[in-house]
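Novice: Chains A and B supply the protein sequences, listed in that same order. Going by this note's numbering, the first sequence wraps up at 169, each residue one higher than the last. Going by this note's numbering, the second sequence wraps up at 265, each residue one higher than the last. Using N, Cα and C, we set each Cβ at its ideal position, and we do this for glycine too. This one's a predicted model, so the numbers in the text were calculated from it and none came from an experiment.
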Amino acid sequence: MTGRRSLALACFGVTLAVALTLGVSLTAEAQPPTPSDNQVNQVASELYCPVCENVPLDVCPTQACAQWRELIREKLAAGWSDAQIKQYFVTQYGDRVLATPPAHGLNWLVYVLPPVAILIGVGILAGVLRSWRREPVPMSDAPAGAEDPYVRQMEEELQRRERGD
Amino acid sequence: MVEETAIEPTHDGELKPDRIEAGRRFTWGTGAVWLLVLAFLLLLFFGLRRTQEGPIQMGSPAPQFSLTTFDGQVFDTTEMRGQVILVNFWASWCIPCEQEAAELQQAYANYKDRGVVFVGVNYVDTEPEARDYMGRFEIAYPNGPDLGTRISQAYRIRGVPETYIMSANGDLVEAKIGPYVSLDEIQASLDRALAATAE
Chain A
5 MTGRRSLALA CFGVTLAVAL TLGVSLTAEA QPPTPSDNQV NQVASELYCP
55 VCENVPLDVC PTQACAQWRE LIREKLAAGW SDAQIKQYFV TQYGDRVLAT
105 PPAHGLNWLV YVLPPVAILI GVGILAGVLR SWRREPVPMS DAPAGAEDPY
155 VRQMEEELQR RERGD
Chain B
67 MVEETAIEPT HDGELKPDRI EAGRRFTWGT GAVWLLVLAF LLLLFFGLRR
117 TQEGPIQMGS PAPQFSLTTF DGQVFDTTEM RGQVILVNFW ASWCIPCEQE
167 AAELQQAYAN YKDRGVVFVG VNYVDTEPEA RDYMGRFEIA YPNGPDLGTR
217 ISQAYRIRGV PETYIMSANG DLVEAKIGPY VSLDEIQASL DRALAATAE
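1. Is there at least one Cβ from chain B nearer than 8 Å to alanine 32 (chain A)'s Cβ?
2. Mind listing which residues of the segment 144 to 172 of chain B have their C-beta closer than 9 Å to chain A's C-betas, in chain order?
3. Can you give the Cα-Cα distance for glycine 225 (chain B) and asparagine 42 (chain A), rounded to whole angstroms?
4. Which residue from B:Ser218, B:Val103, B:Gln118 puts its Cα closest to that of phenylalanine 155 (chain B)?
5. Any chance you could list the beta strand (DSSP E) runs of at least 3 consecutive residues sitting entirely within the segment 101 to 145 of chain B, in chain order?
6. Applying a beta-carbon distance threshold of less than 7 Å, which residues of chain A neighbour alanine 98 (chain B)?
7. Kindly indicate which three-state DSSP category threonine 229 (chain B) falls into: helix, strand or coil?
8. For valine 155 (chain A) and glutamate 161 (chain A), what's the separation of their Cα atoms in angstroms?
9. Which whole-angstrom value is the C-beta distance of aspartate 191 (chain B) and proline 208 (chain B), which I expect to be below 8 Å?
10. Taking Cβ positions only, does proline 211 (chain B) come closer than 8 Å to chain A?
11. One question on the structure: do valine 150 (chain B) and alanine 259 (chain B) come within less than 8 Å of each other, judged by their Cβ atoms?
12. Below 8 Å on C-beta distance, what does threonine 95 (chain A) contact in chain B?
13. Using the three-state DSSP reduction, which class does lysine 178 (chain B) fall into: helix, strand or coil?
14. By the 10 Å Cβ neighbour count, where 16 or more other Cβ atoms means buried, how is methionine 232 (chain B) classified, buried or exposed?
15. Determine, for leucine 110 (chain B), whether the minimum Cβ-Cβ distance to residues of chain A falls below 8 Å.
16. Against chain B, with Cβ distances strictly below 8 Å, would valine 55 (chain A) count as a contact?
17. Out of A:Val44, A:Met158, A:Ile124, which one is the CA nearest neighbour of glycine 95 (chain B)?
18. Any Cβ of chain B within less than 8 Å of the Cβ of leucine 113 (chain A)?
19. Aspartate 237 (chain B): which of B:Gln130, B:Thr93, B:Ala167 sits nearest, CA to CA?
20. Which of the three DSSP states, helix, strand or coil, is assigned to asparagine 111 (chain A)?
21. In terms of DSSP beta bridges, what is threonine 152 (chain B) paired with?
22. List, in chain order, every chain A residue whose beta-carbon is nearer than 8 Å to that of leucine 102 (chain B).
23. Less than 8 Å between CB atoms is the rule here; does alanine 68 (chain A) satisfy it with respect to chain B?
24. Leucine 249 (chain B) and glutamine 172 (chain B): beta carbons closer than 8 Å?
25. Is the Cβ of glutamate 204 (chain B) closer than 8 Å to any Cβ of chain A?
26. With respect to the beta strand (DSSP E) encompassing isoleucine 243 (chain B), which residues constitute its N-terminal and C-terminal limits?
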């Protein structure tokens with residue numbers, strides 16, 4: 005009798021333990037973990053608040069930016085991806101919230117101008133180097149300017165002076 | 067030494083054809099670079115001109131806009147022609163906005179039956195905080211978010227709060243940069259706008 009009671013108690017204990025374990029794990033699965041500050045800041049670092057120009061959202065100290073970071077935390081907790089959150093902010097506040105401007109309209113210049121400028125610079129440099137490497141014009145044996153009447157006249161004048169004429 | 071310097075130009079003048087060709091290529095390259103620099107300067111000029119534009123001139127047509135309010139209604143200024151429209155830019159994080167919020171609501175209650183329409187444009191804000199702000203000050207006139215900051219850009223606002231009043235024919239007649247200091251100040255602005263409409 006005592007053995008049966010012990011067995012029943014043991015079975016009850018095991019069942020309770022299993023039920024509790026399952027319950028705890030199910031509760032944990034039902035509540036998604038709160039996104040950490042690092043996760044929030046990772047998204048925030050790619051956004052800029054229009055109120056605080058040139059200050060990334062992750063380090064901006066204003067109340068407006070604190071609200072935005074909290075909004076990011078809520079969206080992350082709701083299972084939104086980084087891209088979805090960024091798109092939400094663009095819809096709400098415009099393209100200028102993005103750290104990297106989207107490649108459309110005049111924004112293309114940001115991506116096109118630097119490589120084009122570099123290519124042109126390389127081209128100019130190559131041209132200059134090529135002209136430096138080009139062989140110099142061979143000098144004839146004749147004295148410099150021998151064919152130039154003005155130089156010839158000057159040479160003759162010098163020679164005359166040397167002779168003491 | 068002097069002789070060498072005097073003679074050099076004569077030799078340089080006798081360029082070979084391949085040198086002349088190299089010179090031409092360099093000219094084209096220089097032209098392209100100058101063109102790029104010019105284009106860049108033009109862009110910079112127009113960009114700066116746009117950012118340095120001051121506030122909208124009084125008497126000029128006010129930018130018309132459409133806004134979906136927090137209640138889901140569409141507020142379109144073009145459909146409000148014939149009435150004076152007060153446009154208030156605000157945000158829940160803006161402390162100076164709180165100074166005028168109650169007075170604006172009071173002015174709305176006093177003027178809503180006198181041909182004056184109020185609309186609040188919520189600038190760079192989050193909806194829960196904006197709704198909380200409206201509840202705190204019991205704001206009853208239409209309010210909605212400035213999606214994409216299009217309206218605030220059209221009005222070239224520098225911050226919040228800013229308030230603009232357009233006459234019944236759509237011209238800008240009053241502008242207040244910063245918060246109104248009293249209900250009397252708001253009402254005086256509205257009276258002037260109504261008087262301008264009546265003329």
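Specialist: This is what the structure gives:
1. Taking the first residue of the first sequence as 1, we reach residue 32 (chain A) at position 28. With a pLDDT of 47 at alanine 32 (chain A), under the threshold of 50, the modelled position of this residue cannot be trusted, and the question is left open.
2. Ala157, Ser158, Trp159, Cys160, Ile161
3. Working through the second sequence from its first residue, we reach residue 225 (chain B) at position 159. Working through the first sequence from its first residue, we reach residue 42 (chain A) at position 38. Rounded to the nearest angstrom, the two C-alpha atoms are 30 Å apart.
4. In the second sequence, residue 155 (chain B) corresponds to position 89, counting from 1. It is B:Ser218.
5. Counting only runs of 3+ residues, the beta strand (DSSP E) found wholly inside the segment 101 to 145 of chain B occupies 132 to 134, 140 to 142, in chain order.
6. To locate residue 98 (chain B), count along the second sequence from 1; it is residue 32. Those within 7 Å of alanine 98 (chain B) in chain A are Ile124.
7. The sequence position of residue 229 (chain B) within the second sequence is 163, counting from 1. In this structure, threonine 229 (chain B) counts as strand in the three-state DSSP scheme.
8. Position 151 of the first sequence, counted from the first residue, corresponds to residue 155 (chain A). Position 157 of the first sequence, counted from the first residue, corresponds to residue 161 (chain A). Pairing valine 155 (chain A) with glutamate 161 (chain A), the inter-Cα distance amounts to about 10 Å.
9. Within the second sequence, numbered from 1, the residue matching residue 191 (chain B) stands at position 125. Within the second sequence, numbered from 1, the residue matching residue 208 (chain B) stands at position 142. About 16 Å separates the two Cβ atoms, so there is no contact after all.
10. By one-based count along the second sequence, residue 211 (chain B) stands at place 145. With 8 Å as the cut-off, proline 211 (chain B) counts as an interface residue toward chain A.
11. Stepping through the second sequence from its first residue, residue 150 (chain B) is reached at position 84. Stepping through the second sequence from its first residue, residue 259 (chain B) is reached at position 193. Contact: yes.
12. Reading the first sequence from its first residue, position 91 is the one you call residue 95 (chain A). Under the 8 Å cutoff, chain B gives Leu213, Gly214.
13. Here the question's residue 178 (chain B) lines up with position 112 in the second sequence. Looking at lysine 178 (chain B) - three-state DSSP - the assignment turns out to be coil, as it is neither helix nor strand.
14. Your numbering for residue 232 (chain B) matches position 166 in the second sequence. With 16 or more Cβ atoms within 10 Å of its Cβ, methionine 232 (chain B) is classed as buried.
15. Taking the second sequence and counting its residues from 1, one reaches residue 110 (chain B) at position 44. At a cut-off of 8 Å between beta carbons, leucine 110 (chain B) makes no contact with chain A.
16. For the purposes of this step, residue 55 (chain A) is taken as the residue at position 51 of the first sequence. At least one chain B Cβ lies under 8 Å of valine 55 (chain A).
17. The sequence position of residue 95 (chain B) within the second sequence is 29, counting from 1. When each option's Cα is compared against that of glycine 95 (chain B), the closest is A:Ile124.
18. Counting from one through the first sequence, the residue named residue 113 (chain A) turns up at place 109. Yes, leucine 113 (chain A) lies at the interface with chain B (some Cβ there is under 8 Å from its Cβ).
19. Position 171 of the second sequence, counted from the first residue, corresponds to residue 237 (chain B). For the options B:Gln130, B:Thr93, B:Ala167, the alpha carbon positioned closest to that of aspartate 237 (chain B) is the one of B:Gln130.
20. Residue 111 (chain A) sits at position 107 when you count from the first residue of the first sequence. Asparagine 111 (chain A) falls in the helix class under three-state DSSP.
21. As a position in the second sequence, residue 152 (chain B) is number 86, starting the count at 1. The sequence given here has leucine at residue 152 (chain B), not threonine. Residue pairing by DSSP places leucine 152 (chain B) opposite B:Phe184, B:Ile231 in a beta bridge.
22. The residue given as residue 102 (chain B) occupies position 36 in the second sequence. Simply Leu117, Val120, Ala121, Ile124.
23. As a first step, residue 68 (chain A) is located in the first sequence; it is residue number 64 there, counting from the start. So yes, alanine 68 (chain A) belongs to the interface.
24. By 1-based counting over the second sequence, the position of residue 249 (chain B) is 183. By 1-based counting over the second sequence, the position of residue 172 (chain B) is 106. Their beta carbons are under 8 Å apart, which means leucine 249 (chain B) touches glutamine 172 (chain B) by this criterion.
25. Here residue 204 (chain B) corresponds to residue number 138 of the second sequence, with the count starting at 1. For glutamate 204 (chain B), no CB of chain A lies under 8 Å from its own CB, so it is not counted at the interface with that chain.
26. For the purposes of this step, residue 243 (chain B) is taken as the residue at position 177 of the second sequence. Per DSSP, isoleucine 243 (chain B) is one residue of the beta strand (DSSP E) stretching across 238 to 243.
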